[in-house]
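Same order as they appear, the protein sequences are chains A and B.
Each residue of the first sequence is one higher than the one before, counting from 61 in the working numbering.
Each residue of the second sequence is one higher than the one before, counting from 61 in the working numbering.
In this text, a Cβ means the ideal position worked out from N, Cα and C, and glycines have one as well.
Below: one structure, written as structure tokens.
Protein chains: 2
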Amino acid sequence: MQTSIDCIACFVRQALDAARFFSEDSVVHERIVREVLESTARMEWNEPPPVVGQRIHRRLRELTGHADPYRAVKERHNRMALALLPELAARIDHAEDPFALAVHLAITGNIIDLGVNGQLTEAHVHESIETALARPLVGDLEGLRSAVTEASNILYLADNAGEIVFDRLLVEQLDPSRVTVAVRGQAVLNDATRREAESAGMTDLVEVIDNGTDAPGTILGDCSEAFRARFEQADLVIAKGQGNYETLSKARKAIYFLFMVKCPVIAADADHPVGTHLIVNGTGL
Amino acid sequence: MQTSIDCIACFVRQALDAARFFSEDSVVHERIVREVLESTARMEWNEPPPVVGQRIHRRLRELTGHADPYRAVKERHNRMALALLPELAARIDHAEDPFALAVHLAITGNIIDLGVNGQLTEAHVHESIETALARPLVGDLEGLRSAVTEASNILYLADNAGEIVFDRLLVEQLDPSRVTVAVRGQAVLNDATRREAESAGMTDLVEVIDNGTDAPGTILGDCSEAFRARFEQADLVIAKGQGNYETLSKARKAIYFLFMVKCPVIAADADHPVGTHLIVNGTGL
């Protein structure tokens, strides 16, 4: 999807949030915000929003020399999710429809993303999960279920740290032997890289590859050739999170998007209100 | 107060909101947002936020040829407030502390401001007033009370349309014979000008002057000489709304600010949380 004019103010706010994560120096904060204002004024607004996120985070790494300031947060979120895993796995075992619950939990795991700039405790995550699971799962669950039944080579695109622990529950339902999980090629925001896939235990379960880039989404033209080949070969792609939806919603591919609708622009694009736990059948969109 | 780095994203969002109010043409929306991005990247961030609001609205008037697109909204808000006036006046008459209730209502009137971009009904305003009055009135009420007792020449700086109807209740408590009410010199946002002071019935009660400018606040250097002289002569200034606080909080004057705290930047500056109904003694700040 293209950037909306409503995204522009959000870019500025996110740039400041990120700058504060990278540095306590107000000179760095002001420099980044000014640069984002200038570059956003000049750029074409026909690229997906994660392209801007990629640029902001590259520049912050240059300015501060920090390669991965979210590393401690990502590890903390993985540990919190791992503590909840046994209970959630048991719930799936006893569920009437284990696949549906695993999909719902994989989407719900994205609430951990909201904790990047605040204090998120295990109790809070636990409570948020219960609240989130009480919401209906919206979209093409049955389409996903049959696509999964027919697929022999599933590429699963992960999103954030923490959330990737919840993804294990769904990967187990998919049959790990035919699943490859892809993470970001380089640290950006709290997105999962190989390191977080390892600490989440995902590498013990399936083959984990990376996409070769540092975008908070999957910009195919920017991914490694190796990743693109795997993307082509897959007969089903399952893409987690808004960033992957924003960058792949126009891809010609058998693809399902699983995400929480977090902003009004995505809500308008996907035609479901903010807060929806959504499965979008992106095949032929 | 100076613009905070946290205000920058808000400028962009407000520019888009205003552009949509001025025009349905997406070319105008994009042009305004791009211009705000460019000019904000270049400007010094040491002026109060309303300076930016003033520039955005001047440019929108130039681009669209509309002098006052908020005129119908302002009249509607005045009419809604006028419908509530008799009941509110009766409540003040029967109150234990009529002055305190009039101050509280004058601050509460600012909730009408929130309706500019949405549908606001009389029932909704009525309900919001009850909710708002249930909040405590915070700040130096007794300081204001004695300043008012001692003053002989009070300049009352109004804020929005709708709200200015509520201001009548406080002006009556102050003794209208020693009060002058000032409004904006030209239409900007939903701020009250002479026209709205008239339709609110304020001109029947006291002398109404204007400040000679089109800023959504009171930028003294930009006001008319006549207004500045009246500001100097007043032995007490009562300034309504965030815009007047943002532009006058450093003025050397016997001044009290009455406003609802609406954003985290003002909350930090005034040291009270968002939502507070606040009286700030700005004398010697």
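For A/E98 and chain B, any beta-carbon pair shorter than 8 Å? As a working note, residue 98 of chain A is residue 38 in the first sequence. Yes, because at least one Cβ of chain B sits closer than 8 Å to the Cβ of A/E98.
With A/H117 as the anchor, note down where its alpha helix (DSSP H) starts and where it stops. Position 57 of the first sequence, counted from the first residue, corresponds to residue 117 of chain A. Residues 110-124.
7 Å Cβ cut-off: residues of chain A touching B/H89: Along the second sequence, read from residue 1 onward, the residue named residue 89 of chain B stands at position 29. The answer, in chain order, is I65.
Counting Cβ pairs, one atom from each stretch, are 3 or more of them under 8 Å apart for the stretch 68-76 of chain A and the stretch 93-102 of chain A? yes
Please report the straight-line C-alpha distance between B/N271 and B/S86, rounded to a whole angstrom. Mapped onto the second sequence, residue 271 of chain B falls at position 211. Mapped onto the second sequence, residue 86 of chain B falls at position 26. In a straight line, the C-alpha of B/N271 is about 33 Å away from that of B/S86.
For A/L76 and chain B, any beta-carbon pair shorter than 8 Å? The residue labelled residue 76 of chain A in the question sits at position 16 within the first sequence. Output row for A/L76: interface = yes.
Would B/A101 pass as an interface residue toward chain A - the criterion being a Cβ-Cβ separation below 8 Å? In the second sequence, residue 101 of chain B corresponds to position 41, counting from 1. Judged by the 8 Å Cβ criterion, B/A101 is in contact with chain A.
Taking the runs of the beta strand (DSSP E) that are 3 residues or longer, which of them lie wholly in the stretch 244-275 of chain B? 267-270
Bridge partners of B/A299, per DSSP? In the second sequence, counting from the first residue as 1, residue 299 of chain B sits at position 239. Per DSSP, B/L217, B/F317.
Where the beta strand (DSSP E) containing A/H337 begins and where it ends: Sequence index remark: in the first sequence, residue 337 of chain A carries index 277 (1-based). Note, A/H337: beta strand (DSSP E), 337-341.
List, in order along the chain, the chain A residues whose C-beta lies closer than 8 Å to that of B/R115? By 1-based counting over the second sequence, the position of residue 115 of chain B is 55. Here the premise fails: no neighbours, minimum Cβ distance about 15 Å.
Whose C-alpha, out of A/I315, A/T336, A/T191, is nearest the C-alpha of A/S206? The residue labelled residue 206 of chain A in the question sits at position 146 within the first sequence. With distances taken between Cα atoms, A/S206 lies closest to A/I315.
CB contact check: B/A69 to chain A, cutoff 8 Å: As a working mapping, residue 69 of chain B is identified with position 9 in the second sequence. It does; some Cβ of chain A falls within 8 Å.
For A/L234, collect the residues of the same chain with a Cβ closer than 7 Å to its Cβ; drop the 5 residues on either side in sequence, then sort them by chain order. Looking up residue 234 of chain A in the first sequence gives position 174. So the qualifying residues of the chain are V208, I214.
Do you know how far the Cα of A/V231 is from the Cα of A/R254? In the first sequence, the residue the question calls residue 254 of chain A occupies position 194. In the first sequence, the residue the question calls residue 231 of chain A occupies position 171. Spanning the two alpha carbons is a distance of roughly 16 Å.
Please confirm whether B/V72 has its beta-carbon closer than 8 Å to some beta-carbon of chain A. Locating residue 72 of chain B in the second sequence gives position 12, where the first residue counts as 1. At least one chain A Cβ lies under 8 Å of B/V72.
Which residues in the same chain have their Cβ closer than 6 Å to the Cβ of B/N106, if we skip the five residues on either side of it in sequence? Here residue 106 of chain B is taken as the residue at index 46 of the second sequence, counted from 1. Hits under 6 Å: Q62.
Whose CA, out of B/G342, B/G203, B/I326, B/K313, lies closest to the CA of B/G335? The sequence position of residue 335 of chain B within the second sequence is 275, counting from 1. Selected option, being the one with the closest Cα: B/I326.
Once you ignore the five residues that flank B/P129 on each side, which residues in its own chain have a CB closer than 6 Å to its CB? Mapped onto the second sequence, residue 129 of chain B falls at position 69. Correct list, in chain order: F81, F82.
Could you tell me whether the Cβ of A/V93 comes closer than 8 Å to any Cβ of chain B? As a working mapping, residue 93 of chain A is identified with position 33 in the first sequence. Answer yes: the Cβ-Cβ gap between A/V93 and chain B drops below 8 Å somewhere.
Can you tell me whether DSSP reads B/V198 as helix, strand or coil? Taking the first residue of the second sequence as 1, we reach residue 198 of chain B at position 138. Note: B/V198 maps to strand in three-state DSSP.
By Cβ distance, which residues of its chain are closer than 8 Å to A/A257, with the 5 residues on each side in sequence left out? The residue you call residue 257 of chain A lines up with position 197 of the first sequence. A218, I224, V241, V243, T263, V268, listed in sequence order.
Whole-Å CB distance - A/M320 paired with A/I172, under 8 Å assumed: Here residue 320 of chain A corresponds to residue number 260 of the first sequence, with the count starting at 1. Here residue 172 of chain A corresponds to residue number 112 of the first sequence, with the count starting at 1. So it is not a contact: roughly 11 Å between Cβ atoms.
In the DSSP output, what is A/V239 paired with across the bridge? Position 179 of the first sequence, counted from the start, is the residue given in the question as residue 239 of chain A. Answer is A/I214.
Could you name each continuous alpha helix (DSSP H) segment of 4 residues or more that falls completely within the stretch 138-196 of chain B, going from the start of the chain to the end? Counting only runs of 4 or more residues that sit fully inside the stretch 138-196 of chain B, the alpha helix (DSSP H) segments are 158-168, 182-193, in chain order.
Taking Cβ to Cβ, would you say B/D274 is nearer than 8 Å to B/H126? If you number the second sequence from 1, residue 274 of chain B lands on position 214. If you number the second sequence from 1, residue 126 of chain B lands on position 66. Cβ distance not < 8 Å, so B/D274 and B/H126 don't count as in contact.
Where does A/Q233 fall in DSSP's three states? Within the first sequence, the letter at position 173 stands for residue 233 of chain A. If DSSP states are grouped into helix, strand and coil, A/Q233 belongs with the helices.
Distance check for A/L308 and A/E245, CA to CA, integer angstroms please. Position 185 of the first sequence, counted from the first residue, corresponds to residue 245 of chain A. Position 248 of the first sequence, counted from the first residue, corresponds to residue 308 of chain A. The question names Glu, yet the displayed sequence has Gly at residue 245 of chain A. When rounded, the distance between both Cα atoms is 17 Å.
Residue range of the unbroken alpha helix (DSSP H) whose run includes B/P324: Residue 324 of chain B sits at position 264 when you count from the first residue of the second sequence. Counting along the chain, the unbroken alpha helix (DSSP H) around B/P324 starts and ends at 324-330.
Element boundaries [alpha helix (DSSP H), containing A/V96]: Residue 96 of chain A sits at position 36 when you count from the first residue of the first sequence. It spans 86-102 - the alpha helix (DSSP H) in which A/V96 sits, taken as one unbroken run.
If you draw a straight line from the C-alpha of B/A260 to the C-alpha of B/L123, how long is it? As a position in the second sequence, residue 260 of chain B is number 200, starting the count at 1. As a position in the second sequence, residue 123 of chain B is number 63, starting the count at 1. Distance between the alpha carbons of B/A260 and B/L123: 30 Å.
Applying the 10 Å Cβ sphere with the 16-neighbour rule, what's the burial state of B/K310? Along the second sequence, one-based indexing puts residue 310 of chain B at 250. The residue is exposed, with fewer than 16 neighbouring Cβ atoms inside 10 Å.
Coil, strand or helix - B/D66 by DSSP: Taking the first residue of the second sequence as position 1, residue 66 of chain B is located at position 6. Reduced to three states, the DSSP call for B/D66 is coil.
What whole-angstrom Cβ distance do B/A221 and B/H137 have, given they're in contact under 8 Å? Here residue 221 of chain B refers to the residue found at position 161 of the second sequence. Here residue 137 of chain B refers to the residue found at position 77 of the second sequence. Confirmed, about 5 Å.
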